[in-house]
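**Q** Residue numbers (our numbering), protein chains in the order written: chain A, 726 to 847; chain B, 533 to 961; chain C, 609 to 1102.
No residue lacks a Cβ here, since even glycine has one placed at the ideal position from N, Cα and C.
Have a look at the structure that comes next, please.
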C-alpha cells in the first residue's frame, strides 16, 4: 500500500504511478456521523485540484467533497450507493470514493499523516 | 394584564434570586440612547372590549352566503365537514411545535405522513412533501426544482396559469436569474413547461400533449392542479407529468380572505432529492415499534445553509391536517360526488347564462369542469346588479388579461344548490 | 401506544358521507368529456366512517406534546401561550367567509384590520411601512433581501454579497443565496457577539446588506449595534433585522432606532399565533422609507376615508404569495396586540428577560455557561461538562422529554459545542421554571450515577428513539431503485 496523503478539507489519497484513489478521512467520517447518502459524479469527468465533485450526507450534516488533485475520474465506488455505511466502517479501505488518473503534478500542499493530525486536532 | 403569569411578588423573588434590584440591571447591554420610554400604542383592553373591537371589524365586511357565491379564481366555497374544525381546533394539534422531537410529536408526524400519502395518491405521483405555503409558492418551487434538475434557465408558462401564481413565479425566478416566458413555445433551453389543469378560467387543457412536448425537448412538465378535479380528471401521474403542484384550499379550508391555505407538491421518484421543504418518513425504535420522523433533512436550509435549494423552513401543517381530515372523511367516492355535482351544476348554469341576451361562452369549443368564462354585456353592471340581490357574481378576469374584456368566470360547487342557480338567473333577467 | 394509519384501517364497505345530489338536468363528466381526459384509476384514499375518523385523530392528538399541556423551552422559537380569544376572533364568519376577490368596499373591516396591524407593527419595531404578505419568517427574509436588491439596482449599484454571522439561523444564508447573493460569513467574537474587526474586513462596495438578529442567537444583546449600523451604512450597505428574537425587547427598544433598514417579524413567535405543528405562520416585513417603493404588491392604502389595495407600484418586487398573506394569522396577531396594548407588550418582554435570567441562574453550575450574563430572553448552555460521562446534549433533551418537558433547542447555534438553547418566554410561571431547573438537576445526577440509563430515554412516550439513520438509508435505496418501499408514504403491500 502506497503512503496515504491528506488535504485540509479532510480527504485522503493514495498514489500509485498516475493512479490516485480518494476517500474521506476517519476524522471526517466521525464528525459527520452515520453516512446515509453520497452524491457522486460519473466516471470520465475531469476534475481540477480543489474542485467540488460531490456531497456526502449524514442525518444531521452534509459536506462537500473536494478533489485533492487534477485528473480524470476512472472509477466511482458503486458499492457506496447501496452501502454508504462503508464510509463509516472502513473509510480507508472499502469506503474509498473515487479513482482518478492524475494529470500533471501532485499539488504541493498535500499533508502527511503527522501534519494532517495537527489539522484534525486543531 | 392578560396572558402574563408573574405576580409582582414572583418578579421581586426572581430579581432577588439574581441579586439585582431592578430590570434595568438586566438590560445593561442596551445603549441608553436606544431605550424607549413607552410604546406608542393604546393601552391593553379586557377580553370583552377586545372581542367587541374585533367583532366590529368583522361586521364591517360583507359576507355573501355560501350558496350565493359564484366567484372562484382559485378560492372556492365548498362544504366543509364539521369533523375538520373539530380536529384542527384540538390544542394538541394547533398549539404543538414543529415536530423536531419525534417522540413528542407522533400525532403531527403521522398526520403529515398520511397527508403525503393522500396527495401522492390523488396526483398519481410517487412522493409528496409535507405541504407548502400556498398554490403560488408551490408552483414557483416546482419550477425551481426543474431549474436545478435540468441546469436550464428558462421556464415556459403555457396558457392561463393563475395570474398571481405567475407573478410569484416571476418574483422567485428573478433573483436567481431565471427567465419566465409566457406565450412562446418551449425549446431546448427550457427547464420546465408549466400549465394549469383546469386553467385559471376553468378550461381543460391538453395536459398529455403539453407533457409530451416538454419531454421531447428534455424539459420537465409541471402540472398545477385542482385537487377536487383529480377525483374525475386524469391526474399528472397518469399522463406522465414530472411534478404536480397546487392549492389545497378546497380540501376543507375556508376562503378566509385568501389564507392561510395550503400548497401541495408531488413528484416522480427521481426528483425527490430536489423537493423543497419537509418530508416525513416511517422509522422504527429499538423495540420495533413504528413511528414517524422528519427525514432527508440534509437537503434543507438548516444544514445546507447557502447551498440549500430552497429556504423554506416550515410547512402549513395545520392546514395540511385539515386537508387530510377532509380527504379521509370524503374518500374517493365523496370527492367524486362533489366534483360531479359541481360539474353538473356548472354546466346547467352555463347553458342558462349563455341563453341570456348578449351573453355568450367565451370559449365555446373548450371543455370545462365547474368554472367557466362567459362574455357578458357590461361586466361591472352585471356584478353590481347581482350584489344588490346578495349574490357574489363571477370574477372579472379582464383585470389580468387584456384580451378578455367583458369576460366573467362563474364557479359552481356543491354549495350552490339548484334554487341558487334559479336566483342567479332570475336576478339577471 | 401506536396508532394504525388511516390507510391500514380502511374498510372496503365503510359508510362514506352522505352528500347532496346535483338536482339539475345536466350530463355528467363521463357523458361529456373525452376518455383521455378522465381519470383511469380512482385515487387510493382510505374509506372510514365518521366515528372511526374522529377517534383516529383524537388518538393522534394524544400522542403530541403541545404548549397547551407542556412547557416548550425552545430557544429561538418563542413558544408562548396561544390565547384562545385569538382563535375565537379568527373563527368569526365575518373573516372566514370572505372571498379574496370581493370588491374593496365590501371588505373594509378586513382592510382596516390589516391597516391597524401594520401601524401597530410599525410602532413596535420602528419602521415606516410593513408588508403582511410573507407566509413565514424565511419567506419574509427572502422578501426583504429582494427589496434591498431592488433598492441597490435602482441606484445602478450591482451589489452581490450579503454578510451573515456564523451564528445565524440557516434560513439567513439560504434566503440570501436564493436572491442571487453570494454569502460571506462574519465571525463572532469570544463573547458571542459579532466581531467588529471581522465585519470591517468583509465590508466593501460589493456588500448589499448585513443580516443580523439582536439579541443574537446566544441571547446576548449586540452592545455595539450602533457602531455596526454606522460602519455598514458608511459603505452604502443596508442592515437587515431577523426578527426571531424580537420577543426580547418590545417596548424596551426598537430595531428601527438601532439603524435596521428592513425587519422581519414572526407573528407565530412574538405575537402568539399558534405554531400549528409547523405552520401556518406569518412573516411580515417592515421597512424604512428608502425601501417603501419596493414593497410587494398590493399594499393597503387610505384614500378619501376608504381603504384600498394598491396594485400599481412600479418599483415593487412583485408578489411573494397569492392574495394578501395568511389573513387568519393576521387576525390572531391583531387580537393579541389589542388585548395586550403597549403596556402589556412591554411587560411581556420584561417578563421574558426576567424569566430567562432567572432560569439561567438556576441551572448555572449544572450545565456549562459559555458566555457571561445577563442574557436577554434566552440563554445558551453547553452539556460539554457531561461529556466525560458520555452524555450529550441530545441525551439531556431526551431526558427532559421523559420528564414531561419538551426539549430545548440543541446543537444550535453551531458556535457552541453541545449547545442547549433555552427560551422560557413570559407565559411560564416561576413554579414551572423551578420544576424545569429541578429536572435538569435530576438529569445531571443521573448522568453521574447511571449514564447508560439516560441513553435509553425517553421511556413512557408513544415511541422510543427512532432509527433515523436506517430510515434515511432505506429512502435512498428506494430512490436509487434498490427497494420498492418508498418509506415516505404508505403503500399497499403487494
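1. In terms of residues, what are the limits of the beta strand (DSSP E) holding residue 954(C)?
2. Assign residue 1067(C) to one of two classes, buried (16 or more other C-beta atoms within 10 Å of its C-beta) or exposed (fewer than that).
3. List the residues of chain C that residue 816(A) touches, going by C-beta distances under 8 angstroms, in chain order.
4. Less than 7 angstroms separating the beta-carbons of residue 758(C) and residue 902(C)?
5. In the DSSP assignment, find the beta strand (DSSP E) that holds residue 849(C) and state where it starts and stops.
6. Who does residue 753(B) pair with in a DSSP beta bridge?
7. Using the C-alpha atoms, what's the distance from residue 1099(C) back to residue 726(A)?
8. Since residue 619(B) meets chain C, which of its residues come closer than 7 angstroms, beta carbon to beta carbon?
9. Which residues, in order along the segment 671 to 685 of chain B, keep a beta-carbon less than 7 angstroms from a beta-carbon of chain C?
10. Between which two residues does the alpha helix (DSSP H) holding residue 637(C) run?
11. Can you name the residues that DSSP bridges to residue 1038(C)?
12. Given this structure, state the Cα-to-Cα distance separating residue 744(A) from residue 772(A), to the nearest angstrom.
13. Identify every run of the alpha helix (DSSP H) within the segment 989 to 1027 of chain C, keeping only runs that are complete inside it and at least 4 residues long; order them along the chain.
14. Can you check whether the CB of residue 658(B) is closer than 7 angstroms to the CB of residue 692(B)?
15. Can you tell me the Cα-Cα spacing of residue 947(B) and residue 870(B), whole angstroms?
16. Report the neighbours of residue 830(B) on chain A: residues whose CB is nearer than 9 angstroms to its CB, in chain order.
17. Does the contact criterion of 3 or more C-beta pairs under 8 angstroms hold for the segment 846 to 860 of chain C versus the segment 713 to 730 of chain C?
18. Alpha carbon to alpha carbon, what distance is there between residue 1032(C) and residue 854(B)?
19. Can you check DSSP and say which residues form a bridge with residue 914(C)?
20. Against residue 733(C), what residues of chain B qualify as contacts under a CB-to-CB distance less than 9 angstroms, listed in chain order?
21. Just to make sure I have the definition right: I need the residues of chain B whose C-beta is within less than 9 angstroms of the C-beta of residue 950(C). Which are they?
22. Along chain F, in chain order, which residues have C-beta atoms closer than 8 angstroms to that of residue 836(B)?
23. Taking three-plus beta-carbon pairs below 8 angstroms as touching, is the segment 911 to 925 of chain B in contact with the segment 664 to 680 of chain C?
24. Report the residues of the segment 869 to 887 of chain B with a CB closer than 7 angstroms to any CB of chain C, ordered along the chain.
25. Nearest to residue 555(B) by CA position, among 1090(C), 1044(C), 954(C) and 1016(C), is which residue?
26. Counting contacts by CB-CB distance shorter than 7 angstroms, is residue 903(B) in contact with chain C?
27. Would you list the one or two residues that DSSP bridges to residue 744(A)?
28. Tell me the rounded alpha-carbon separation between residue 811(A) and residue 820(A).
29. How long is the line joining the alpha carbons of residue 994(C) and residue 1000(C), rounded to whole angstroms?
30. Do residue 852(C) and residue 684(C) have their C-beta atoms within less than 7 angstroms of each other?
31. Please list, in chain order, the residues of the segment 790 to 806 of chain A that have any C-beta partner in chain C closer than 9 angstroms.
32. Three or more C-beta pairs under 8 angstroms: does that hold for the segment 961 to 972 of chain C against the segment 805 to 818 of chain C?
33. Reducing DSSP to helix, strand and coil, say where residue 975(C) ends up.
34. According to DSSP, simplified to helix, strand and coil, what is residue 589(B)?
35. Would you identify the three-state DSSP class for residue 872(C), choosing helix, strand or coil?
36. Could you tell me which uninterrupted beta strand (DSSP E) segments, each at least 3 residues in length, are contained entirely in the segment 765 to 813 of chain A, listed from first to last along the chain?
**A** Here's the rundown:
1. Position 346 of the third chain, counting from 1, holds the residue named residue 954(C). Premise fails: residue 954(C) lies in the alpha helix (DSSP H), 935 to 971, not in any beta strand (DSSP E).
2. As a position in the third chain, residue 1067(C) is number 459, starting the count at 1. By the 10 Å Cβ count, residue 1067(C) comes out exposed.
3. On the first chain, position 91 is the one that residue 816(A) refers to. In chain order: nothing, as chain C lies at least about 17 angstroms away.
4. Here residue 758(C) corresponds to residue number 150 of the third chain, with the count starting at 1. Here residue 902(C) corresponds to residue number 294 of the third chain, with the count starting at 1. The answer is yes: Cβ separation under 7 angstroms.
5. The sequence position of residue 849(C) within the third chain is 241, counting from 1. Counting along the chain, the beta strand (DSSP E) containing residue 849(C) begins and ends at 846 to 850.
6. The residue labelled residue 753(B) in the question sits at position 221 within the second chain. Residue 753(B) is bridged to 725(B).
7. On the first chain, position 1 is the one that residue 726(A) refers to. On the third chain, position 491 is the one that residue 1099(C) refers to. At residue 726(A) the pLDDT is 48, less than 50, meaning the model places this residue with poor confidence and gives no usable figure here.
8. On the second chain, position 87 is the one that residue 619(B) refers to. Going along chain C in sequence order, the residues near residue 619(B) (Cβ under 7 angstroms) are 665.
9. none
10. Taking the first residue of the third chain as position 1, residue 637(C) is located at position 29. Where residue 637(C) is concerned, the enclosing alpha helix (DSSP H) stretches over 637 to 640.
11. Here residue 1038(C) refers to the residue found at position 430 when the third chain is read from its first residue. Bridge partners of residue 1038(C): none, in fact.
12. Position 19 of the first chain holds residue 744(A). Position 47 of the first chain holds residue 772(A). Distance between the alpha carbons of residue 744(A) and residue 772(A) is about 14 angstroms.
13. 1001 to 1010
14. Numbered from 1 along the second chain, position 160 holds the residue referred to as residue 692(B). Numbered from 1 along the second chain, position 126 holds the residue referred to as residue 658(B). Not a contact, by the Cβ cut-off of 7 angstroms.
15. Taking the second chain and counting its residues from 1, one reaches residue 947(B) at position 415. Taking the second chain and counting its residues from 1, one reaches residue 870(B) at position 338. Cα-Cα distance, rounded: 9 angstroms.
16. The residue labelled residue 830(B) in the question sits at position 298 within the second chain. Chain A residues near residue 830(B): 761, 762, 780, 782, 783, 784, 785, 786 and 787.
17. no
18. Start at 1 with the first residue of the second chain, and residue 854(B) comes out as number 322. Start at 1 with the first residue of the third chain, and residue 1032(C) comes out as number 424. When rounded, the distance between both Cα atoms is 30 angstroms.
19. As a first step, residue 914(C) is located in the third chain; it is residue number 306 there, counting from the start. Answer by DSSP bridge pairing, in chain order: 911(C).
20. Mapped onto the third chain, residue 733(C) falls at position 125. Neighbours of residue 733(C) on chain B: none; closest Cβ ~11 angstroms, over 9 angstroms.
21. Within the third chain, the letter at position 342 stands for residue 950(C). In chain order: 570, 571, 572, 573, 574, 575 and 576.
22. The chain labelled as chain F is not found among the protein chains of the depicted structure, namely A, B and C.
23. no
24. 869, 870, 872, 873, 875, 876, 877, 879 and 880
25. Looking up residue 555(B) in the second chain gives position 23. With distances taken between Cα atoms, residue 555(B) lies closest to 954(C).
26. For this step, residue 903(B) is matched to residue 371 along the second chain. No, no contact with chain C.
27. Within the first chain, residue 744(A) is the residue found at index 19, counting from 1. Beta-bridge pairing links residue 744(A) to 741(A) and 826(A).
28. Counting from 1 along the first chain, the entry for residue 811(A) is found at position 86. Counting from 1 along the first chain, the entry for residue 820(A) is found at position 95. Answer to the nearest angstrom: the Cα atoms are 5 angstroms apart.
29. For this step, residue 994(C) is matched to residue 386 along the third chain. For this step, residue 1000(C) is matched to residue 392 along the third chain. One C-alpha to the other measures close to 7 angstroms.
30. As a working mapping, residue 852(C) is identified with position 244 in the third chain. As a working mapping, residue 684(C) is identified with position 76 in the third chain. Yes, Cβ-Cβ distance for residue 852(C) and residue 684(C) is below 7 angstroms.
31. 806
32. no
33. By one-based count along the third chain, residue 975(C) stands at place 367. DSSP places residue 975(C) in strand when its eight states are reduced to three.
34. To locate residue 589(B), count along the second chain from 1; it is residue 57. Three-state DSSP puts residue 589(B) in a helix.
35. In the third chain, residue 872(C) corresponds to position 264, counting from 1. Three-state result, residue 872(C): strand.
36. 777 to 783, 787 to 791 and 796 to 801
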